[in-house]
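With the sequence shown counted from 1, adding 611 to any position gets you this note's numbering. A virtual CB, placed ideally from N, CA and C, is assigned to each residue, including glycine.
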Amino acid sequence: MDAQGMLELWWTVPAGAALVGYAGSLAGLTRPQRAVWVTARVVEVHRPGHGDSKRPGIPVTVALQDPSTGREFRLRHAGRNGHVVEAAWVGREFPVRYPRRHPERFHLMLDRVGEERGLGGPNCMLLLLLVGLVVQTFVVRGWPDGLICLGGLLLVVGALSRDRQHARARAALLDGAVAVPGRVVAVTKDIHTDGEGDEIVNHAPVVAFTTREGVHVTALCREGVPQPRLSLDRALTIHYAPGDPAVFTPDLDHDRRERASAVGFVMGLLLAGIAAIALGAALLHGLLPVT
612 MDAQGMLELW WTVPAGAALV GYAGSLAGLT RPQRAVWVTA RVVEVHRPGH GDSKRPGIPV
672 TVALQDPSTG REFRLRHAGR NGHVVEAAWV GREFPVRYPR RHPERFHLML DRVGEERGLG
732 GPNCMLLLLL VGLVVQTFVV RGWPDGLICL GGLLLVVGAL SRDRQHARAR AALLDGAVAV
792 PGRVVAVTKD IHTDGEGDEI VNHAPVVAFT TREGVHVTAL CREGVPQPRL SLDRALTIHY
852 APGDPAVFTP DLDHDRRERA SAVGFVMGLL LAGIAAIALG AALLHGLLPV T
């Protein structure tokens with residue numbers, strides 16, 4: 612087989628990886644399925660330093676109990692093992708997984724949805740396979756078939772997106788938002804380099820507020836604070852969901868616009884998918900000239 616023939620078999624790599632991953636999940640052999648899952652409780656919240664990176668989120672110390680030994684462990688989490696904690700308070704609970712007999716190698720999760728079966732890797736391989744097949748369709752079959760396949764992929768991605776559900780759920784939680792005073796206690800700083808070598812500086816405030824129930828919350832506030840670089844020690848009004856202080860915003864109007872933007876993006880994907888399929892079908896049946 613020549614090099615061209617080998618290139619035409621590119622799809623076997625992501626397809627094979629996806630099949631292995633799904634088979635492992637069905638057999639219960641993925642790492643999350645073999646791990647021990649427990650609930651950890653935040654026992655200490657560590658405030659990020661002014662000028663630190665936002666990437667670790669809010670560092671916390673969590674307490675968890677190993678069910679096999681009954682021993683309690685207190686472990687520090689700073690975003691390197693598992694998901695980043697963006698809002699923390701003493702007593703907040705998170706699901707945690709770790710290899711048997713090794714609680715120190717824990718991974719903190721924000722929830723268990725989609726995590727326990729270990730399907731993240733196979734799903735990524737499947738998406739890579741679909742994108743590659745769309746590109747190959749454009750190259751091998753031409754624009755009409757390529758547009759139809761692209762439209763189908765956009766429709767699938769838009770239909771499976773959870774952004775609309777998240778936006779609706781957040782809107783429902785903030786519908787009865789409680790307003791309390793808050794303050795910016797630190798401003799994180801991250802420096803990125805663009806493709807031309809220029810530095811881009813990003814600032815994200817860390818806010819602290821106390822709920823009406825007396826819960827002291829420390830949270831990373833990525834949006835809604837004007838001029839974040841100059842916001843240290845600024846007093847704010849924080850609007851939080853009574854049932855979940857992790858859902859909050861310093862600017863309800865800005866939050867509504869962000870939710871509308873997320874929903875609009877998903878709708879744009881669906882409309883673009885329909886348009887691509889319609890255009891591909893028109894080209895395929897000679898209703899439009901192919902240039």
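- Here G681 is exposed. Its C-beta has fewer than 16 other C-beta atoms within 10 Å.
- Annotation: G897 to L890 spans about 11 Å, alpha carbon to alpha carbon.
- A contact is defined here as three or more CB-CB pairs under 8 Å, and the stretch 782-798 meets this definition with respect to the stretch 840-850.
- If you draw a straight line from the Cα of D844 to the Cα of D774, it is about 33 Å long.
- The residue from R833, G793, V701 and N692 with its alpha-carbon nearest to that of H865 is R833.
- Segment contact: the stretch 713-730 against the stretch 632-642, three or more CB-CB distances shorter than 8 Å; contact assigned.
- Distance between G662 and H694, taken at the CA atoms: about 21 Å.
- DSSP places P659 in the coil class of the three-state scheme, outside both helix and strand.
- L686 is the residue among R645, I669 and L686 whose C-alpha sits nearest the C-alpha of Q676.
- Within the DSSP secondary-structure output, Q676 pairs in a beta bridge with E683.
- CA-CA distance, V745 to V724, rounds to 29 Å.
- When the alpha-carbon of G702 is set against those of G875, H827 and L881, the nearest one is in H827.
- Residue nearest to V768 within the set R752, V742, A783 and V750 is V742 (criterion: CA-CA distance).
- Below 8 Å, enough C-beta pairs join the stretch 645-663 and the stretch 794-811 to call them touching: three or more.
- Taking a C-beta distance under 8 Å as the contact criterion, G793 and A815 do not qualify as a contact pair.
- For G884, there is no enclosing beta strand (DSSP E); the enclosing alpha helix (DSSP H) covers residues L863 to L895.
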